[in-house]
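Notes to accompany the following structure.
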Amino acid sequence: MQLFNTRRRASLHAFPRRAWEREKNLNISRFLVPTLCVGMHASTLCVEFLKNSLVCEMQNKITLQKRIALTHVIMDILENWRVKAVDQIKILDLPKGTRSRALRRYHENTPLPNASNVMERVEHLLAISEALRTTYPHNSEMGTYWINQAHRRFENRSPLNTIIEDGLDGLMSVRVHLDCAYAWSLTDVK
Numbered sequence: 110m111q112l113f114n115t116r117r118r119a120s121l122h123a124f125p126r127r128a129w130e131r132e133k134n135l136n137i138s139r140f141l142v143p144t145l146c147v148g149m150h151a152s153t154l155c156v157e158f159l160k161n162s163l164v165c166e167m168q169n170k171i172t173l174q175k176r177i178a179l180t181h182v183i184m185d186i187l188e189n190w191r192v193k194a195v196d197q198i199k200i201l202d203l204p205k206g207t208r209s210r211a212l213r214r215y216h217e218n219t220p221l222p223n224a225s226n227v228m229e230r231v232e233h234l235l236a237i238s239e240a241l242r243t244t245y246p247h248n249s250e251m252g253t254y255w256i257n258q259a260h261r262r263f264e265n266r267s268p269l270n271t272i273i274e275d276g277l278d279g280l281m282s283v284r285v286h287l288d289c290a291y292a293w294s295l296t297d298v299k
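Structure below.
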């Protein structure tokens, strides 16, 4: 029993206080699942969003508080992967003319734009993060290491550079590489 308590205590300390406080203050924990997500500085991943992402978004069923929490998670993922501000704008396909300093508002209480192209990228980023977390469950830093290392599958570019340079196609190719269920769903004949 002592061993379990020690592990539990250690896992709780892995979550940064600010992310835990965010989830507690928003009181939306029934919609969010605690996770380490590749060692990122966020403690949540919106499973509801992953399951019905674009449908919910288009029907405006996702509340402002959930969108803000989702924005915090995405920004924490990108920070953990050590993505530069200029590249964050490219990855998220934010509107032209968005400046690097404008990203600060997304760390506060402004949700990402409710555009379908941005939400599609958010869905892929969450899925990649979750796939890395399940691939490396015992070492959360390995996901960050993997995303920044050159890989032969991506023409000796890092998966992160593939995402930045190829845009949505890069996001999808990295997700297909990590998530075989997603790859199968793309090739599934209907």
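Going by this note's numbering, the sequence shown runs without a break in its numbering and finishes at 299.
No residue lacks a Cβ here, since even glycine has one placed at the ideal position from N, Cα and C.
How many whole angstroms separate the CB atoms of residue i and residue j, which I take to be in contact at a CB cut-off of 8 Å?
i    : j    : result
N189 : T243 : Not quite, the Cβ-Cβ distance comes to about 16 Å (not below 8 Å), so this is no contact.
I272 : I200 : 6 Å
L277 : R230 : 7 Å
Could you compute how far the alpha carbon of residue i sits from the alpha carbon of residue j?
i    : j    : result
S267 : L173 : 34 Å
A224 : S238 : 21 Å
M184 : L295 : 27 Å
T219 : T180 : 8 Å
S282 : T207 : 26 Å
R213 : D196 : 14 Å
A194 : S249 : 23 Å
V285 : D275 : 14 Å
H247 : L241 : 11 Å
K205 : W293 : 34 Å
Measuring alpha carbon to alpha carbon, tell me which residue in the options is nearest residue i.
i    : options                   : result
I177 : P222, D278 and A194       : P222
L187 : N270, I171 and C289       : N270
L262 : G279, P246 and M251       : In the sequence as presented, Leu is not what sits at residue 262; that position holds Arg. When each option's Cα is compared against that of R262, the closest is G279.
C289 : I171, H247, A236 and N265 : A236
E232 : D202, H247, W293 and D297 : D202
H216 : D297, V182 and L277       : V182
R191 : L287, A211, Y291 and Q258 : Q258
So for residue i, helix, strand or coil by DSSP?
i    : result
H247 : coil
N189 : helix
R208 : coil
G148 : Because G148 sits at a pLDDT of 40, beneath the cut-off of 50, its placement in the model cannot be relied upon, and the following sentence gives the value as read from the coordinates. Helix.
T296 : helix
Looking at the strands, I want to know which residues DSSP matches up with residue i.
i    : result
R266 : H260
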